[in-house]
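Everything on this sheet refers to the single structure shown next.
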Amino acid sequence: MNSDPVSTVEKEVIHASDLYGYTHYLYGEAFLGSYGGMRYRVAREPLKKVFYSPQEEWAKDATFLVSVWPEPYSYEKTPDEKKQSFSFPFTDEGRLEAVKCLNRQYFVRKPEWDAAKEAHWI
Numbered sequence: 195m196n197s198d199p200v201s202t203v204e205k206e207v208i209h210a211s212d213l214y215g216y217t218h219y220l221y222g223e224a225f226l227g228s229y230g231g232m233r234y235r236v237a238r239e240p241l242k243k244v245f246y247s248p249q250e251e252w253a254k255d256a257t258f259l260v261s262v263w264p265e266p267y268s269y270e271k272t273p274d275e276k277k278q279s280f281s282f283p284f285t286d287e288g289r290l291e292a293v294k295c296l297n298r299q300y301f302v303r304k305p306e307w308d309a310a311k312e313a314h315w316i
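The sequence shown runs 195 to 316 under the numbering used here.
Structure representation (structure tokens):
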């Protein structure tokens, strides 16, 4: 996993409202999305259902794991070496940082996403 090296975003193309709210991730489900040739996944790591656990355990040893990769394949079908992942605290603030990360990755790697979007996949 890498720390996110870019601190500015040209504009926001992925919004916090595009992702599920914080409590969704307590059910052990990931959010998957795409924008302009970039696919992404946001999940609680470890990915497990903790909603019915005591609230003080929800964020214990947990992070938001954000992964990005080029189209066209799903998370499961894309080789790990094509994915780049970033980790954030498992909090509401961490979820907002994850959104910022997605936007930074989109703009920093836009040529890669554009190439993936324009490729002819059969």
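C-beta: ideal position from N, C-alpha, C; glycine also.
Run through DSSP, which three-state label would residue i get?
{"i": "TYR221", "result": "strand"}
{"i": "ARG238", "result": "strand"}
{"i": "LEU259", "result": "strand"}
{"i": "TYR246", "result": "coil"}
{"i": "SER268", "result": "coil"}
{"i": "PRO283", "result": "strand"}
{"i": "ARG303", "result": "coil"}
Rounded to a whole number of angstroms, what is the C-alpha to C-alpha distance between residue i and residue j?
{"i": "PRO248", "j": "GLU270", "result": "31 Å"}
{"i": "ALA253", "j": "PHE301", "result": "30 Å"}
{"i": "HIS209", "j": "HIS314", "result": "28 Å"}
{"i": "GLU250", "j": "SER211", "result": "25 Å"}
{"i": "SER268", "j": "GLU291", "result": "23 Å"}
{"i": "VAL207", "j": "GLU287", "result": "19 Å"}
{"i": "THR272", "j": "ALA224", "result": "16 Å"}
{"i": "PHE258", "j": "TYR229", "result": "19 Å"}
{"i": "PHE280", "j": "ARG298", "result": "12 Å"}
Rounded C-beta distance between residue i and residue j? I'm assuming under 8 Å.
{"i": "ARG289", "j": "TYR234", "result": "The pair is not a contact, with the Cβ atoms about 13 Å apart (cut-off 8 Å)."}
{"i": "GLY222", "j": "LYS205", "result": "Not quite, the Cβ-Cβ distance comes to about 33 Å (not below 8 Å), so this is no contact."}
With C-beta atoms as the reference, is residue i less than 8 Å away from residue j?
{"i": "GLY227", "j": "TRP307", "result": "no"}
{"i": "PHE284", "j": "VAL260", "result": "no"}
{"i": "GLN278", "j": "VAL262", "result": "yes"}
{"i": "ALA256", "j": "GLU275", "result": "no"}
{"i": "LYS311", "j": "GLU265", "result": "yes"}
{"i": "VAL236", "j": "LEU220", "result": "no"}
Run the CB neighbour count on residue i, radius 10 Å, all protein chains shown included, and call it buried at 16 or more, exposed below.
{"i": "PHE245", "result": "exposed"}
{"i": "LEU296", "result": "buried"}
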